[in-house]
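Residue numbers (the working numbering), protein chains in the order written: chain W, 303 to 554; chain L, 87 to 289. Even glycine gets a Cβ: it sits at the ideal position worked out from N, Cα and C. All values reported here derive from a predicted model rather than from experimental measurement. Just below is one structure, and these are the notes that go with it.
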């Protein structure tokens, strides 16, 4: 699915292939799906280096032990819930020592109320574990500065893309492949590094002869060989005199 | 003309398209950076148009039909993007950005032929940014564009225009794209001035 997606092979089943790239859940799945097959130490370190804390906190060490990846878990709201039915963070990593909540946005705003609801619900489900919250992508990260309910971090998609490219280069090949897929997905959604305008000079061959005058003299459509029908069309129209003599001609 | 000569010309065409892709990729990056700056300042992307001719012909139509120009299929030769605000503040902001790969384009009624343009060496590739605020009803933005186009090259970057019953405060920034060679040039010469203008909220 991901390969078909990033190579734009799903156009015929979608109204517009661009519509897909407006959705944040396929983005979440396409980026963190491949990363869920890498060692959790790689992902933990990646997030620790790329995410910026709201306030004076530092990214914790990952303790040894099993880690569970939960995509879109459906939690009962806690007391701070502004959702009444359920709370559904995009991705949760359950480590032996932490509950790491990742809330992804594509174009929409990160919401302080949503973070409070997610943290409150997580406390209800995992009462004895410290909670970390990372707001990935979207806008209005400044709103999350106020009164975070737990250790809270901000991570723009482009910084994640840069971190992935930098960190994966020293990893084993299978991690590099997964990271490459995640980077490709980020690019498909428009999150890639800016190419400096000045690098255009590298694309230009200075010895290149300009041959536009040759093309200007090339008229393949008018110079093409005429078939019988073209020849007929190009004939002069018959004169009135020739038409009248033809109408008088009765060979029978 | 021999087949060999034509083959060399077509080699240039292949190289030209590859170079144009590299150019357009970078222009898209400039516009994306401006889009981010605009979004941080509550300006939403409003739309784009090919400045000097029609936009590309739609999928079901003949782009090669009689009377059709070839130019609409080259929209980024000269493109304009616009950002606007839903703000209710008294001076509503608007940002227009035009990227001209070649300011030698000239129309004369017929389909413009590049052989008739000024020599490419005598022309420039220009990024034109118009940072505007308006107060009053029914601003005719085509009229604003015409008035700003008519300004003398050495005129002040900022001016105030009376357009019907409205007033428009405009700051123009015209930059040769060749000035963007340094890695920090886009931030320094383009994004920071736009950000400063956007954050300088008038009374």
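Assumed close pair residue i, residue j - CB separation to whole angstroms, cut-off 8 Å
{"i": "residue 487 of chain W", "j": "residue 342 of chain W", "result": "That pair is no contact at about 19 Å."}
{"i": "residue 495 of chain W", "j": "residue 460 of chain W", "result": "7 Å"}
{"i": "residue 340 of chain W", "j": "residue 477 of chain W", "result": "5 Å"}
{"i": "residue 95 of chain L", "j": "residue 345 of chain W", "result": "Wrong, their Cβ atoms sit about 53 Å apart, outside the cutoff."}
{"i": "residue 438 of chain W", "j": "residue 483 of chain W", "result": "At roughly 17 Å, the Cβ-Cβ gap does not stay under 8 Å, so residue 438 of chain W and residue 483 of chain W are not in contact."}
{"i": "residue 500 of chain W", "j": "residue 269 of chain L", "result": "7 Å"}
{"i": "residue 338 of chain W", "j": "residue 361 of chain W", "result": "Actually they do not touch by this definition, with Cβ atoms about 19 Å apart."}
{"i": "residue 397 of chain W", "j": "residue 350 of chain W", "result": "Contact flag wrong, Cβ pair sits at about 13 Å."}
{"i": "residue 185 of chain L", "j": "residue 213 of chain L", "result": "6 Å"}
{"i": "residue 275 of chain L", "j": "residue 263 of chain L", "result": "At roughly 10 Å, the Cβ-Cβ gap does not stay under 8 Å, so residue 275 of chain L and residue 263 of chain L are not in contact."}
Close Cβ partners of residue i (< 6 Å) along its chain, the five nearest in sequence each way excluded
{"i": "residue 219 of chain L", "result": "177, 179, 255"}
{"i": "residue 417 of chain W", "result": "435"}
{"i": "residue 145 of chain L", "result": "none"}
{"i": "residue 402 of chain W", "result": "395, 434"}
{"i": "residue 481 of chain W", "result": "466, 470"}
{"i": "residue 284 of chain L", "result": "127"}
{"i": "residue 163 of chain L", "result": "187"}
{"i": "residue 257 of chain W", "result": "Residue coverage of chain W in this structure runs from 303 to 554, which leaves residue 257 of chain W outside it and unanswerable."}
{"i": "residue 244 of chain L", "result": "257"}
{"i": "residue 142 of chain L", "result": "158, 159, 161"}
{"i": "residue 293 of chain L", "result": "In the structure displayed, chain L extends from 87 to 289; residue 293 of chain L sits before or after that span and is not available."}
{"i": "residue 149 of chain L", "result": "143, 159"}
{"i": "residue 359 of chain W", "result": "453"}
{"i": "residue 231 of chain L", "result": "none"}
Chain W within 7 Å of residue i, Cβ atoms only
{"i": "residue 91 of chain L", "result": "yes"}
{"i": "residue 112 of chain L", "result": "yes"}
{"i": "residue 115 of chain L", "result": "yes"}
{"i": "residue 142 of chain L", "result": "no"}
{"i": "residue 269 of chain L", "result": "yes"}
{"i": "residue 201 of chain L", "result": "yes"}
{"i": "residue 266 of chain L", "result": "yes"}
{"i": "residue 181 of chain L", "result": "no"}
{"i": "residue 95 of chain L", "result": "yes"}
{"i": "residue 105 of chain L", "result": "yes"}
{"i": "residue 108 of chain L", "result": "yes"}
Selection from the options that minimises the alpha carbon distance to residue i
{"i": "residue 375 of chain W", "options": "W:395, W:336, W:326", "result": "W:395"}
{"i": "residue 173 of chain L", "options": "L:251, L:161, L:130", "result": "L:130"}
{"i": "residue 183 of chain L", "options": "L:88, L:257, L:99, L:194", "result": "L:257"}
{"i": "residue 556 of chain W", "options": "W:445, W:326, W:546, W:364", "result": "Residue 556 of chain W cannot be examined here, being either before or after the span of chain W that is shown, 303 to 554."}
{"i": "residue 442 of chain W", "options": "L:122, L:246, L:89", "result": "L:122"}
{"i": "residue 98 of chain L", "options": "W:415, W:550, W:506, W:364", "result": "W:506"}
{"i": "residue 117 of chain L", "options": "L:287, L:277, L:245, L:286", "result": "L:277"}
{"i": "residue 222 of chain L", "options": "L:232, L:103, L:175", "result": "L:175"}
{"i": "residue 196 of chain L", "options": "L:171, L:159, L:213, L:154", "result": "L:154"}
{"i": "residue 335 of chain W", "options": "W:355, W:322, W:351, W:305", "result": "W:305"}
{"i": "residue 458 of chain W", "options": "W:412, W:519, W:398", "result": "W:412"}
{"i": "residue 415 of chain W", "options": "W:449, W:430, W:326, W:479", "result": "W:449"}
{"i": "residue 90 of chain L", "options": "W:543, W:542, W:520, W:545", "result": "W:520"}
{"i": "residue 421 of chain W", "options": "W:348, W:347, W:391", "result": "W:391"}
7 Å Cβ cutoff, residue i in contact with chain L
{"i": "residue 438 of chain W", "result": "no"}
{"i": "residue 485 of chain W", "result": "no"}
{"i": "residue 354 of chain W", "result": "no"}
{"i": "residue 497 of chain W", "result": "yes"}
{"i": "residue 401 of chain W", "result": "no"}
{"i": "residue 337 of chain W", "result": "no"}
{"i": "residue 490 of chain W", "result": "no"}
{"i": "residue 410 of chain W", "result": "no"}
{"i": "residue 500 of chain W", "result": "yes"}
{"i": "residue 517 of chain W", "result": "yes"}
{"i": "residue 261 of chain W", "result": "Any property of residue 261 of chain W remains undetermined from this structure, which presents chain W solely from 303 to 554."}
Neighbourhood of residue i by C-beta, 8 Å cutoff - its chain only, sequence neighbours within 5 removed
{"i": "residue 378 of chain W", "result": "388, 389, 423, 426, 427"}
{"i": "residue 134 of chain L", "result": "165, 166, 167, 168"}
{"i": "residue 124 of chain L", "result": "130, 131, 169, 181, 280, 284"}
Cβ shell of residue i (< 7 Å), same chain only, five flanking positions each side left out
{"i": "residue 234 of chain L", "result": "216, 256, 258"}
{"i": "residue 115 of chain L", "result": "none"}
{"i": "residue 226 of chain L", "result": "249, 250"}
{"i": "residue 485 of chain W", "result": "463, 466, 467"}
{"i": "residue 190 of chain L", "result": "203, 204, 206, 209"}
{"i": "residue 456 of chain W", "result": "353, 354, 356, 437, 443, 446"}
{"i": "residue 139 of chain L", "result": "155, 157, 158"}
{"i": "residue 265 of chain L", "result": "271, 275"}
### Task
With a floor of 3 residues, list each beta strand (DSSP E) that falls wholly inside the stretch 225-255 of chain L, ordered by position along the chain.
As far as the stretch 225-255 of chain L is concerned, its whole beta strand (DSSP E) runs of at least 3 residues are 244-249.
### Task
Jot down the residue ranges of each uninterrupted beta strand (DSSP E) in the stretch 429-507 of chain W, minimum 3 residues, whole runs only, in chain order.
Considered as a whole, the stretch 429-507 of chain W harbours 433-438, 453-457 as its complete beta strand (DSSP E) runs of no fewer than 3 residues, in chain order.
### Query
In chain order, which continuous runs of the beta strand (DSSP E) of length 3 or greater are located wholly inside the stretch 131-208 of chain L?
Within the stretch 131-208 of chain L, the runs of beta strand (DSSP E) that reach at least 3 residues and sit entirely inside it are, in chain order, 164-170, 178-186.
### Query
Relative to chain A, which residues along the stretch 119-137 of chain L have a C-beta separation below 9 Å, given in chain order?
You won't find chain A in this structure, because its protein chains are W and L.
### Message
Runs of 4 residues minimum, wholly inside the stretch 312-362 of chain W: which ones carry the alpha helix (DSSP H) assignment?
### Response
Restricted to the stretch 312-362 of chain W, the alpha helix (DSSP H) segments that are unbroken, complete and at least 4 residues in length are 319-322, 326-337, 342-352, listed in chain order.
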